[in-house]
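Chemist: By the count of the numbering used here, the sequence shown reaches residue 301 at its end, each step adding exactly one. Glycine included, every Cβ here is placed at the ideal spot set by N, Cα and C. My questions will all concern the structure given below.
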Amino acid sequence: MSVLGVDVGGTFLRMGLYGGDAVERPVKRLSAEVFGGEEGAAEGLARALRDYLAGERVEAVGVGVPGTLSRDGATVLNVPNIPALNGLPLRAALEAALGVPVFVENDITMLLTGDALRLGLTEGVVYGFYLGTGLGGAVLVDGELLRGRSGLCEPGHMPVYGLDRPCGCGKRGCAQAYVAGKALQELRDARWPELPIEKVFTAMSEGELADYVEILANVLVSAVQILDPEAVVMGGGVCAMEGFPREALLRRARELCMAPVPAGTLRLLYPPQDPFSGVYGAAVFAGRALKR
Ligand SMILES: [Zn+2]
């Protein structure tokens, strides 16, 4: 029997079945359609999953959501893009509706679970560094999620010394206000409004790129020095954009690391870009959680 993987995004909800190989029957729906109905967000999601399964039985369901959950994964605390989910006991609601075990986690955790497996990183410490609209993270230890007191891993809100640009979280000088997609979009809008966002790195001057690399490398190395990871998984749409300074970032990060290790052992790995990575990861996560 297979596991149903679900990736809840601000714009799209993606689903698929996973039986130990690739994602089968991938489907994409508009999130607004699923969560915006009068029945409520949890029942809307339950209905979408029931419709998708159409009576087919699965062992478990894994759901990645773009926000924070209670440490036990039972309650959704804050999903900025889909506030209708906030405060809901989503896991219990879905288990009651579907009659199988459901595992809900942050979407970056799900992505890293899948990406690490695809990259062959099944042991040791793996640090996920995901540069999308914001900068998210997660840490796996021998394939298991490292859970802090509040279940948080938010490298995007690491303060960067000497900088004070406002961040969406209400603080100033957070890393993601400089290095993530939203900041790049603002730069593009101000300087090259006609340029497709995917090309913003190709338009930046050498000095601008060097500043970008400097902030990114500092944030990255702050965690590398603590975690000493087997590898850093560099995910998210920004890392896949044309001209993303991969070599310069690795070079600068190695310079900032202590030598001979972790400078000499630092690996930055870029997983293949696949819109159903989150579905795959959610299914792998749920399959593992079921075995425990
Ligand atoms: Zn912040």
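(1) Got a sec? Which residues, its chain only, sit under 7 Å from residue 263 by beta carbon, not counting five neighbours each side?
(2) Could you please give me the residues that DSSP links to residue 148 through a beta bridge?
(3) Hey, how far is the Cα of residue 182 from the Cα of residue 165?
(4) Return yes when at least one heavy atom of ligand 1 lies under 7 Å from the C-beta of residue 178, else no.
(5) Could you give the distance in angstroms between the alpha-carbon of residue 255 and the alpha-carbon of residue 188?
(6) Between the Cα of residue 257 and the Cα atoms of 279, 23, 151, 219, which residue gives the shortest distance?
(7) Can you find the residues in the same chain that come closer than 7 Å, C-beta to C-beta, to residue 298, ignoring five residues on each side of it along the sequence?
(8) What beta strand (DSSP E) runs, 3 residues minimum, are completely inside the region 235 to 272?
(9) Below 8 Å on the Cβ atoms is my guess for residue 67 versus residue 134; work out the distance and round it to an integer in Å.
(10) For ligand 1, I want to know if residue 185 counts as a neighbour, meaning its beta carbon is within less than 7 Å of at least one of the ligand's heavy atoms.
(11) If you pair each beta-carbon of the region 152 to 162 with each one of the region 111 to 129, do three or more pairs fall below 8 Å?
Modeler: In short:
(1) For the purposes of this step, residue 263 is taken as residue 254 along the sequence shown, with counting starting at 1. Closer than 7 Å at the Cβ level, and outside the excluded window around residue 263, lie 272, 275.
(2) Counting from one through the sequence shown, the residue named residue 148 turns up at place 139. Answer is 136, bridged to residue 148.
(3) Numbered from 1 along the sequence shown, position 173 holds the residue referred to as residue 182. Numbered from 1 along the sequence shown, position 156 holds the residue referred to as residue 165. Residue 182 and residue 165: Cα-Cα distance of roughly 10 Å.
(4) By one-based count along the sequence shown, residue 178 stands at place 169. Yes, since a heavy atom of ligand 1 falls inside the 7 Å radius drawn around the Cβ of residue 178.
(5) The count along the sequence shown starts at 1 and reaches residue 255 at position 246. The count along the sequence shown starts at 1 and reaches residue 188 at position 179. Cα to Cα, residue 255 sits roughly 14 Å from residue 188.
(6) Residue numbering aside, residue 257 sits at position 248 when the sequence shown is read from its first letter. Checking every option, the nearest Cα to that of residue 257 belongs to 219.
(7) For the purposes of this step, residue 298 is identified with residue 289 of the sequence shown, where counting begins at 1. For residue 298, where only same-chain residues beyond five positions count, the Cβ hits under 7 Å are 112.
(8) 240 to 244
(9) If you number the sequence shown from 1, residue 67 lands on position 58. If you number the sequence shown from 1, residue 134 lands on position 125. With 8 Å as the limit, residue 67 and residue 134 do not qualify as a contact, their Cβ atoms being about 31 Å apart.
(10) Reading the sequence shown from its first residue, position 176 is the one you call residue 185. Yes.
(11) yes
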